[in-house]
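Numbering (my numbering), first residue to last: 1 to 262. See structure below.
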Amino acid sequence: MKKIACLLMAVAMICSSAITLPFSKADAAVIWDGTELKQGTIGKVTILKDTPLFTRSKGKIVKVKTLKKGQTASVFAVTKGYYHLYKKTFIKKNSYAKFTPVPKDVQYELNKEYRTVYYGLKLNKKHRYTYYDVENGKENWAYKGTAYGWDVWTVNGDNGYAYRENKEWMRLGVANSDFIFLNIKLPLKKGSYWKDDLYGVHHRVLSVNKTVKTPAGTFQHVIEIKDSENFYYYFAPNVGLILTVDNNGKSPKRVFELQKIN
Numbered sequence: 001m002k003k004i005a006c007l008l009m010a011v012a013m014i015c016s017s018a019i020t021l022p023f024s025k026a027d028a029a030v031i032w033d034g035t036e037l038k039q040g041t042i043g044k045v046t047i048l049k050d051t052p053l054f055t056r057s058k059g060k061i062v063k064v065k066t067l068k069k070g071q072t073a074s075v076f077a078v079t080k081g082y083y084h085l086y087k088k089t090f091i092k093k094n095s096y097a098k099f100t101p102v103p104k105d106v107q108y109e110l111n112k113e114y115r116t117v118y119y120g121l122k123l124n125k126k127h128r129y130t131y132y133d134v135e136n137g138k139e140n141w142a143y144k145g146t147a148y149g150w151d152v153w154t155v156n157g158d159n160g161y162a163y164r165e166n167k168e169w170m171r172l173g174v175a176n177s178d179f180i181f182l183n184i185k186l187p188l189k190k191g192s193y194w195k196d197d198l199y200g201v202h203h204r205v206l207s208v209n210k211t212v213k214t215p216a217g218t219f220q221h222v223i224e225i226k227d228s229e230n231f232y233y234y235f236a237p238n239v240g241l242i243l244t245v246d247n248n249g250k251s252p253k254r255v256f257e258l259q260k261i262n
């Protein structure tokens, strides 16, 4: 953790390109009936007879093209008289088009992909954690209690670290000190970006739906955060930090990893 703390102190411009690291699976596309669903999809229409596709231009309804019999299109909204499709286009609700809503189980997965995370990044006080730190080796974390609004954790029985989570931030620092080395702006969603209010480090949320494997198990719906020092942080909901990766070398290196949770 010392190495992470030092590196987080430096300020650099964030690298906008994302990579797929070998220990984590890329976000699984939500597929329904052969179609990859986009955010906001509520269903689809199947064209039963050639029907015109419209848009609005300067207050007037204008025909864009004709959708042919057998075509399908994703629906993002249904209003009186119309099915709203892609790029602000729409078709009339009539016997020429059959609407099928996205099933609840598929909608659940789609919502996971684009959900907003409001809390659940700090460690769970009900558990004990065993981590492997690349510099310090095996670390056993145990909840000690609360001090000044911070959850205090011992490491191998000695002074350790402290977490604090509210509506705006999740912070991690050294217990019984003023030193904070990880600041996560809340709430989070895919694409969220912020500048650390203490050290100026830049962060971006790459995913809220990763599947990540560590010796402690396989975790789903994991939040992936990249900072401007090319470090990646992985948080499992209601578990906390499960992995930190340094991607500054020739290949990604796990520098802090959850080994066991009790």
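C-beta: ideal position from N, C-alpha, C; glycine also.
Could you compute how far the alpha carbon of residue i sits from the alpha carbon of residue j?
i: I61; j: P52; result: 11 Å
i: Q220; j: V212; result: 7 Å
i: D50; j: K68; result: 5 Å
i: G191; j: E113; result: 12 Å
i: N94; j: T66; result: 15 Å
i: V155; j: T116; result: 31 Å
i: W141; j: F256; result: 13 Å
i: G157; j: Y118; result: 31 Å
i: A5; j: V75; result: Unreliable positioning characterises A5 in this predicted model, as indicated by a pLDDT of 41, which lies under 50. The coordinate reading is nonetheless provided below. Distance between the alpha carbons of A5 and V75 is about 47 Å.
i: K80; j: E109; result: 28 Å
i: K195; j: K63; result: 45 Å
i: C15; j: P252; result: With a pLDDT of 35 at C15, under the threshold of 50, the modelled position of that residue is not reliable, and no figure is offered here.
i: Q39; j: Y193; result: 19 Å
i: K58; j: G34; result: 36 Å
i: T130; j: K138; result: 7 Å
i: N248; j: R128; result: 30 Å
i: D178; j: E135; result: 22 Å
i: Y82; j: P187; result: 34 Å
i: L8; j: V239; result: Model confidence at L8 stands at a pLDDT of 36, short of 50, so the residue's coordinates are unreliable; what they give is reported in the following sentence. Near 23 Å, if we compare the C-alpha coordinates of V239 and L8.
i: V30; j: D246; result: 29 Å
i: A236; j: R56; result: 44 Å
i: L123; j: G173; result: 13 Å
i: F90; j: N166; result: 42 Å
Using CA coordinates, which residue listed in the options is at the minimum distance from residue i?
i: V102; options: F90, L37, Q220; result: L37
i: K70; options: I47, D178, A236, A77; result: The amino acid occupying residue 70 in the given sequence is Gly; Lys does not appear at that position. Residue I47 is the option with its Cα nearest to G70.
i: Y86; options: A175, F54, R128, H127; result: F54
i: K92; options: Y199, V106, V45; result: V45
i: F99; options: N166, I42, K125, L123; result: I42
i: L121; options: Q259, L241, T214, G249; result: L241
i: T146; options: R128, Y129, Y131, A175; result: A175
i: R254; options: T214, I261, D227; result: T214
i: K171; options: S228, D246, Y199; result: Reading off the sequence, residue 171 comes out as Arg, not Lys. The shortest C-alpha separation from R171 is found at Y199.
i: F231; options: L182, A216, I261; result: L182
i: A216; options: T72, R56, A77, I261; result: I261
i: K210; options: K189, K104, S228; result: K189
I'd like to know whether the C-beta atoms of residue i and residue j end up nearer to each other than 7 Å.
i: I180; j: V205; result: no
i: V208; j: I223; result: yes
i: Y233; j: T244; result: yes
i: Y163; j: D151; result: yes
i: Y143; j: K125; result: yes
i: V106; j: W32; result: yes
i: Q259; j: Y96; result: no
Could you pull the DSSP bridge partners for residue i from this structure?
i: A73; result: V45
i: S57; result: K60
i: R204; result: Y193, K226
i: V152; result: G145, A162
i: F179; result: Paired residues: none, contrary to the question.
i: E109; result: DSSP lists no partner for E109.
i: Y132; result: K138, E257
i: L198; result: DSSP output for L198 lists no bridge partner at all.
i: K185; result: W169
Output yes if chain C places a C-beta closer than 7 Å to the C-beta of residue i; else output no.
i: A162; result: In the displayed structure, chain C is absent; only one protein chain is listed.
Considering just the uninterrupted stretch of the beta strand (DSSP E) at residue i, what are its terminal residues?
i: R254; result: 253–261
i: D246; result: 240–246
i: N174; result: Looking at the sequence itself, residue 174 is Val, so the reference to Asn does not match. Start and end: 169–174.
i: Y234; result: 231–236
i: H84; result: 82–84
i: A216; result: Note, A216: premise wrong, no beta strand (DSSP E); not H, not E.
i: K92; result: 90–92
i: K98; result: 97–101
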